[in-house]
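Numbering (the numbering used here), first residue to last: 44 to 272.
What follows is a short report on a single structure.
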């Protein structure tokens, strides 16, 4: 498995010969590599954690171009369908979608969701995270979230060994809360910080977070950087 950070909460995960994008926010993302469209190659699956513009991102365009299956909360799937996206799977928290030897399980997150359209906020269901399973690897992309005690249940049920964890503060948990989640609620072998450095209002570095984590190995990638598992 290969995990590549594309800035903010966007990731490219390659497993079983298939490419999965999570929260493909490329257009308007100052932290995204300039050649991202070349980097991603052929896309087979897109996962959207929740209905905010910096997470839906370019999913509609990429989904249509590649014929990728887009998996997301029911309300976001309905909205994408109304935009003309045909291959969209709506699901909800607790559900699992299996495809191409991969399993995508939607789990809780603590955040909000809504999309601005014609000056009005459109309801986009609730926010979520995903556990992506392939062979011995179980990757937990938390989505945008604060720390919450039921992370212990996610660990118990799905046994993630890799975590993609937001640390930027303001819109998500900050470094202190994220480190507490990793040290006391989760039991991850590898931790990749995300949702930082994109905009001035967010934490600009993962150094503080890495210094507080006592359980698990922190892999602080730069945008475009990869982790081979």
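Backbone N, C-alpha and C fix where the C-beta goes; we use that ideal spot for every residue, glycine too.
Next on the checklist: On the CB-based measure, 16 or more other CB atoms within 10 Å of its CB, does residue 187 come out buried or exposed?
Outcome noted: The sequence position of residue 187 within the chain shown is 144, counting from 1. With 16 or more other Cβ atoms inside 10 Å of its own Cβ, residue 187 counts as buried.
Next on the checklist: For a test of the three-state rule: what should DSSP assign to residue 45, helix, strand or coil?
Outcome noted: If you number the chain shown from 1, residue 45 lands on position 2. If DSSP states are grouped into helix, strand and coil, residue 45 belongs with the strands.
Checklist entry - Does the beta carbon of residue 208 come closer than 9 Å to any beta carbon on chain D? => result Of the chains in the structure shown, none is chain D; there is only one protein chain.
Item to check | Cβ neighbours of residue 62 in the same chain (closer than 8 Å, five flanking residues each side left out) | outcome: The residue you call residue 62 lines up with position 19 of the chain shown. So the list reads 55, 56, 83, 84, 85, 86, 87 and 88, once near-sequence residues are dropped.
Checklist entry - Just how far apart, CA to CA, sit residue 112 and residue 254? => result By one-based count along the chain shown, residue 112 stands at place 69. By one-based count along the chain shown, residue 254 stands at place 211. Residue 112 and residue 254: Cα-Cα distance of roughly 38 Å.
Item to check | Option in 73, 201 and 100 with minimal Cα separation from residue 138 | outcome: Taking the first residue of the chain shown as 1, we reach residue 138 at position 95. Taking each of 73, 201 and 100 in turn and checking the Cα distance to residue 138, the smallest one comes out for 201.
Item to check | Expected contact under 8 Å - CB spacing of residue 236 and residue 249 to nearest Å | outcome: Position 193 of the chain shown, counting from 1, holds the residue named residue 236. Position 206 of the chain shown, counting from 1, holds the residue named residue 249. Right, the Cβ-Cβ distance comes to about 4 Å (below 8 Å), so this counts as a contact.
Checklist entry - Which class does residue 262 belong to by DSSP, given the choice of helix, strand or coil? => result In the chain shown, counting from the first residue as 1, residue 262 sits at position 219. Reduced to three states, the DSSP call for residue 262 is coil.
Item to check | Complete runs of the alpha helix (DSSP H) confined to the segment 106-140 [at least 4 residues] | outcome: Fully contained in the segment 106-140 are the following alpha helix (DSSP H) runs of length 4 or more, in chain order: 117-125.
Checklist entry - Tell me which same chain residues have a C-beta within less than 7 Å of the C-beta of residue 266, skipping the five on either side of it? => result Position 223 of the chain shown, counted from the first residue, corresponds to residue 266. 48, 49, 50, 74, 75 and 76.
Item to check | For residue 193, the three-state DSSP class (helix, strand or coil) | outcome: If you number the chain shown from 1, residue 193 lands on position 150. Assigned with DSSP and collapsed to three states, residue 193 falls in coil, not helix or strand.
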